[in-house]
Amino acid sequence: MDIRVSADEPTSEERAAIDAVLGAPTSSWTGGERDTEGEGHTSLHAGREARSRRDLLLPALHAAQSRVGWITPGALATICKRLTIPPAEAHGVASFYHLFSTTPRPPAVAHVCDDIACRTRGGESICAMLLRTLGPEGSPARDGRMTWKRSPCLGLCERAPAALFTIAGERPRTFTLAPVTKASAIEAALESRETETSARQRIESVRRSVPQSGQPGLRLLRRVGQVDPEGLDAYRASGGFEALRRALSIGPAKVIEEVIASNLVGRGGAAFPTGRKWDAVLKAPARPHYLVCNADESEPGTFKDRLLMEGDPFAVLEGILIAAFAGGCERGFVYVRGEYPLAAERMERAIAAARAGRILGPSVLDSDFAFDVEVRRGAGAYICGEETALFNSIEGKRGEPRNKPPFPVHVGLFGKPTLVNNVETLANVPLVILDGGAAFAKSGTAGSSGPKLFCVSGHVTRPGLYEVPFGKTLRDVVDLAGGVLGGREIGAILLGGAAGVFVGDDRLDVPLTFEGTRAIGATLGSGVVMVFDHTTKLGDVLLRIAAFFRDESCGQCVPCRVGTVRQEELLQRLAAARPLGSLAQEKTLLREIGQAMRDASICGLGQTASSAVESALARFEPFSSGSTKR
Amino acid sequence: MSPDPIWFRPPPRPTRVPEAPPRKEPPSVEITIDGVKRQAPEGSTILEACRAAAIETPTLCYLENLTPVNVCRVCVVEVVGSRVLVPACSRKVEAGMTVLTDSERVRLSRKMVLEFLGSSVDLSTAPGVESMMKRYGADPKRYGAPAPAAAANARDAREPGHHHAPDGRAAETVAQPVKIDNDLYVRDYGKCILCYKCVEACGTDAQNTFAISVAGRGFDARISTEANVPLPDSACVYCGNCIGVCPTGALMFKSEHDLRAAGEWNESKQTKTDTICPYCGVGCTLTLHVQDEHIVKVTSPMDREITHGHLCIKGRFGFDFVHPRGDGSPDDRVR
Numbered sequence: 286m287d288i289r290v291s292a293d294e295p296t297s298e299e300r301a302a303i304d305a306v307l308g309a310p311t312s313s314w315t316g317g318e319r320d321t322e323g324e325g326h327t328s329l330h331a332g333r334e335a336r337s338r339r340d341l342l343l344p345a346l347h348a349a350q351s352r353v354g355w356i357t358p359g360a361l362a363t364i365c366k367r368l369t370i371p372p373a374e375a376h377g378v379a380s381f382y383h384l385f386s387t388t389p390r391p392p393a394v395a396h397v398c399d400d401i402a403c404r405t406r407g408g409e410s411i412c413a414m415l416l417r418t419l420g421p422e423g424s425p426a427r428d429g430r431m432t433w434k435r436s437p438c439l440g441l442c443e444r445a446p447a448a449l450f451t452i453a454g455e456r457p458r459t460f461t462l463a464p465v466t467k468a469s470a471i472e473a474a475l476e477s478r479e480t481e482t483s484a485r486q487r488i489e490s491v492r493r494s495v496p497q498s499g500q501p502g503l504r505l506l507r508r509v510g511q512v513d514p515e516g517l518d519a520y521r522a523s524g525g526f527e528a529l530r531r532a533l534s535i536g537p538a539k540v541i542e543e544v545i546a547s548n549l550v551g552r553g554g555a556a557f558p559t560g561r562k563w564d565a566v567l568k569a570p571a572r573p574h575y576l577v578c579n580a581d582e583s584e585p586g587t588f589k590d591r592l593l594m595e596g597d598p599f600a601v602l603e604g605i606l607i608a609a610f611a612g613g614c615e616r617g618f619v620y621v622r623g624e625y626p627l628a629a630e631r632m633e634r635a636i637a638a639a640r641a642g643r644i645l646g647p648s649v650l651d652s653d654f655a656f657d658v659e660v661r662r663g664a665g666a667y668i669c670g671e672e673t674a675l676f677n678s679i680e681g682k683r684g685e686p687r688n689k690p691p692f693p694v695h696v697g698l699f700g701k702p703t704l705v706n707n708v709e710t711l712a713n714v715p716l717v718i719l720d721g722g723a724a725f726a727k728s729g730t731a732g733s734s735g736p737k738l739f740c741v742s743g744h745v746t747r748p749g750l751y752e753v754p755f756g757k758t759l760r761d762v763v764d765l766a767g768g769v770l771g772g773r774e775i776g777a778i779l780l781g782g783a784a785g786v787f788v789g790d791d792r793l794d795v796p797l798t799f800e801g802t803r804a805i806g807a808t809l810g811s812g813v814v815m816v817f818d819h820t821t822k823l824g825d826v827l828l829r830i831a832a833f834f835r836d837e838s839c840g841q842c843v844p845c846r847v848g849t850v851r852q853e854e855l856l857q858r859l860a861a862a863r864p865l866g867s868l869a870q871e872k873t874l875l876r877e878i879g880q881a882m883r884d885a886s887i888c889g890l891g892q893t894a895s896s897a898v899e900s901a902l903a904r905f906e907p908f909s910s911g912s913t914k915r
Numbered sequence: 048m049s050p051d052p053i054w055f056r057p058p059p060r061p062t063r064v065p066e067a068p069p070r071k072e073p074p075s076v077e078i079t080i081d082g083v084k085r086q087a088p089e090g091s092t093i094l095e096a097c098r099a100a101a102i103e104t105p106t107l108c109y110l111e112n113l114t115p116v117n118v119c120r121v122c123v124v125e126v127v128g129s130r131v132l133v134p135a136c137s138r139k140v141e142a143g144m145t146v147l148t149d150s151e152r153v154r155l156s157r158k159m160v161l162e163f164l165g166s167s168v169d170l171s172t173a174p175g176v177e178s179m180m181k182r183y184g185a186d187p188k189r190y191g192a193p194a195p196a197a198a199a200n201a202r203d204a205r206e207p208g209h210h211h212a213p214d215g216r217a218a219e220t221v222a223q224p225v226k227i228d229n230d231l232y233v234r235d236y237g238k239c240i241l242c243y244k245c246v247e248a249c250g251t252d253a254q255n256t257f258a259i260s261v262a263g264r265g266f267d268a269r270i271s272t273e274a275n276v277p278l279p280d281s282a283c284v285y286c287g288n289c290i291g292v293c294p295t296g297a298l299m300f301k302s303e304h305d306l307r308a309a310g311e312w313n314e315s316k317q318t319k320t321d322t323i324c325p326y327c328g329v330g331c332t333l334t335l336h337v338q339d340e341h342i343v344k345v346t347s348p349m350d351r352e353i354t355h356g357h358l359c360i361k362g363r364f365g366f367d368f369v370h371p372r373g374d375g376s377p378d379d380r381v382r
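Sequence order for the protein chains is U and B.
For the first sequence, this note's numbering begins at 286 and goes up steadily by one.
For the second sequence, this note's numbering begins at 48 and goes up steadily by one.
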């Protein structure tokens, strides 16, 4: 491939950071590898060989970004040369993700969440404070050493308000702070140099978010906050890898039989039967088969996958191994969202420990099953939680969803059959194998089997992650979290995240099952239960949701790219009581915008971008003055 | 055996290029379109089946010589049993499929797509869009007055993530000044509907130059060179194949742009003449668009096997030598 790259040169620091990811070039030829073993002649196989490493684009961009705080033209040019990527395409990729910057940015950045959950706990007032102390969002402060930016949901809703810090440098650091209520705390974190946390802190940080931790009867959360998440032996001692051992002994076909019998369905939001998916992958003739663990949890209000990875990474890994075995997968990727530094680190440590313990590698637990998996970090894009956008992101492309069909089980990652499952789904897999499919199917309800995690946040007394068997009602779950904060009344509850629907307190007795929520026109989505008390200005929440979808639309298809903009503009008009024409005309227009996005968008983002807004307008009067009630 | 030695009687010269052996016809499948049962070759698309049945289906991002990207969504149809509408341009026919091309859902989505584009993009030079709008009753005006245009390169500097909240008084658009950074063609991204065609033509579908790509995200997504450098600093080789595939006139010959700016562009006065490019031995067909005895732009017919509508810089732009010099023609202004 003949590509033209600018003459910009990186600094030696940037070059070292990029080489740390791509390996040092073997000669001054930076286009690819030289074959030095061939006798007497040197053959260059820059083209295909280098292009086949395109999937290293995001890791290389991460390296450059976290070294100096932005992706300089020199760094981009070097990456393009090393991987034979046209610079225009690399620029297109770098400018797609909001944790990357293609323009100069200070090395220390605080990404302050102003999304719907943090809003209930003072997220906006922190932004106001930062505006006073550090200046406008994005502008360099304190001699250009730092800046702050508003961020979409960071998945720390149980400890809202939250902030993510990215500190570039020789030892780059990414960490979160929650709750964070003072601008001074944010500035201190931007200046801080600490990195180490003690083992006890490591466990306790998770325990705070899981109020049920240590209670008997828990299944998915059994080890979370109790067992050292970084100890392979501790995991083994608590019954770890028994399910994997059993799976290896019964063979892929029987594993799939058990998973089908268990009625396990995907927990990412789409509720697709897991066993059927695995069966399709196993039977797909093309090779190799890939496994992708979708840990790009970005749905506002969702934090279950983060806590599973932070609190019990080996269980997630065990689920991955069993799924890979069942689907005949040879290689896997765990795609962790860029805002989850601790989860990514814990998964990486668990994978390294498992590799050292010969649980991953050419011979898994001394069987003839060979499998390896690696962690890939996202870089700030909600859309990459859509499975085909996620594939594109791993492949080093813009995170734009693909049209389906073909489906991932046939044409997935790198164009090959791919088994892709959500973290919580995979965490259920060891339970299915240990219980047996039939026994697992008996737990929960007829239509929804097994345990379920709910992310309860907003105006509740004890926000956190709760595990209940399917069948509990919305009231049960809200009560588990200690009811509404300060004994106030419920105004509205958002079920299923920003892509979900609002319900009122008349729906408290709905069973939180797939069939139960469907019956009332709602959705479980990713298990979000976000409570807003009666003093909440629901209109503000809707405006934030509309802005969120506009920000996070990939921009590929017209209905979503423009529809999300028009939806936000229309809501702003309603909020300002300044309709274009009559109110009835505006309502018709909103309905038509929603219908077109739902019907004609390529992926689930556009298809659900109007869901919460429309449900709120149907049940409440979000833009009338006064309290939120039906 | 003929008694004549063959060198005395050479076989007659063929009068036409020998044809390739006929391709095996793919088996056909039966589908129902708008209530009528039809046969369509296996592996063909719903769009092809609709066109074979003379059902007019609007398209914007689709072109016969490019891989379908199905992003504009104006060709969506309803497939019975499918939760959402499907893009006709890329969805393959399946046996037993029931397709509705004019249902209420289809009409609404097509109308809204056209309104979304009409309210955010300048479609004044996009052929065919006006009649599509009329057919579906699209009214781009109902989103309010257009917001003021962005300053030059302002949209290219937008970062993904949070945007400034609109007040809803005006409809956001992609309006911006025209990018004029070379003598051959202009890029008027205020007319860009982001159909990806130019990116495809610059990439593996035709030119393999990869000078442009989609950058940014969401409504701020735009076609961009690396870091938005001017074309002469980019990898662009000025083949102009992006102009050839652009459905809205966002990419335009500078000669056409200048004539339009001067109010002198007049298609009714133009003739189109097919000829063969004089530069090399490939033999590409050129269509010369001539106004007032001057070539104002060059295209190539899509249905020619040699070019499939694509040309190189010489065929596309190297026509200046046929014009007399110094007569104040548009090309003098271009120079």
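Don't be surprised by glycine CBs; every beta carbon is placed ideally from N, CA and C.
Keep in mind that this is a model prediction, so the values were computed, not measured.
Counting only Cβ-Cβ distances below 8 Å, Val118/B has contacts in chain U at Gln841, Cys842, Val843, Ile887, in chain order. Look at the region 864 to 893 of chain U: the residues with a C-beta under 8 Å from a C-beta of chain B are Leu865, Gly866, Gln870, Leu874, Glu877, Ile878, Gln880, Ala881, Arg883, Asp884, Ala885, Ser886, Ile887, Gln892.
Apart from the 5 residues on each side of it in sequence, Phe817/U sits with its Cβ closer than 8 Å to the Cβ of Thr405, Gly743, His744, Ile775, Gly776, Ala777, Ile778, Leu779, Leu823, Val826, Thr913 in its chain, given in chain order.
Across the set Asp280/B, Asp339/B, Val221/B, the C-alpha of Asp280/B shows the shortest separation from the C-alpha of Ala373/U. Taking CB atoms only, Met179/B has no neighbour in chain U less than 8 Å away. Taking the beta carbon of Pro358/U as reference, the chain B residues within 8 Å of it are Ala274, listed in sequence order. Only Pro358, Leu361, Ala362 from the region 337 to 362 of chain U bring a Cβ to less than 9 Å from some Cβ of chain B. When DSSP assignments are scanned along the region 690 to 768 of chain U, the uninterrupted stretches of alpha helix (DSSP H) that are 4 or more residues long and fall wholly within it turn out to be 708 to 720, 722 to 727, 759 to 765. When Gly359/U, Glu476/U, Trp563/U are compared, the shortest CA-CA separation from Ala395/U is found for Glu476/U. Judged by DSSP in its simplified three-state form, Gly646/U adopts strand.
In the DSSP assignment, Pro213/B falls outside any alpha helix (DSSP H), carrying neither H nor E. Close partners of Met159/B in chain U (Cβ separation under 8 Å): Pro844, Gly848, Glu877, Ile878, Gln880, Ala881, Ala885. Assigned with DSSP and collapsed to three states, Asn579/U falls in strand. The region 63 to 91 of chain B contains, as complete beta strand (DSSP E) runs of 3+ residues, the segments 75 to 80, 83 to 88 (chain order). Bridge partners of Phe817/U according to DSSP: Ala777/U. Taking 8 Å as the CB threshold, Arg234/B stays off the interface with chain U.
Taking C-alpha positions only, Ala199/B is separated from Asp186/B by approximately 28 Å.
Here the C-alpha atom of Thr92/B lies approximately 20 Å from the C-alpha atom of Val292/B. CA-to-CA, the gap between Glu151/B and Ala101/B works out to about 20 Å.
Rounded to the nearest whole angstrom, the C-alpha separation of Thr808/U and Val850/U is 24 Å.
Residue Val696/U holds the alpha-carbon nearest to the alpha-carbon of Leu576/U among Lys737/U, Ala635/U, Val696/U, Glu489/U.
In the assembly as shown, Glu543/U is a buried residue. Its beta-carbon has 16 or more other beta-carbons within 10 Å. Listed along chain U is no residue with a C-beta nearer than 7 Å to that of Arg202/B; the closest approach is about 12 Å. One thing to note: Glu273/B has its Cβ within 8 Å of the Cβ of His376/U. Within chain U, the C-beta atoms nearer than 8 Å to that of Glu219/B come from Val850, Glu854, in chain order.
In the DSSP assignment, Trp563/U falls outside any beta strand (DSSP E) and within the unbroken alpha helix (DSSP H) covering 559 to 568. In chain order, Glu854, Gln857, Arg858, Ala861, Arg863 make up the part of chain U whose C-beta sits under 9 Å from the C-beta of Asp214/B. Residue pairing by DSSP places Arg269/B opposite Ala262/B in a beta bridge. Interface residue (Cβ-Cβ distance to chain B less than 8 Å): Asn688/U is classified as such. Residues of the region 138 to 167 of chain B with a C-beta atom less than 7 Å from some C-beta of chain U are Arg152, Leu155, Ser156, Met159, Val160, Phe163, Leu164, Ser167, listed in chain order. DSSP lists Tyr620/U as the bridge partner or partners of Arg661/U. Counted as a single uninterrupted DSSP element, the beta strand (DSSP E) harbouring Phe460/U occupies residues 458 to 462.
Contact with chain B is absent for Arg367/U, since none of that chain's Cβ atoms lies less than 8 Å from the residue's Cβ. By the Cβ-count criterion, Lys467/U is exposed, with fewer than 16 other Cβ atoms from all chains shown falling within 10 Å of its own Cβ. For Ala142/B, the closest of Asp169/B, Ala135/B, Ser167/B, Gln86/B by C-alpha to C-alpha distance is Gln86/B.
Residue environment for His211/B: exposed (fewer than 16 other C-beta atoms within 10 angstroms of its C-beta).
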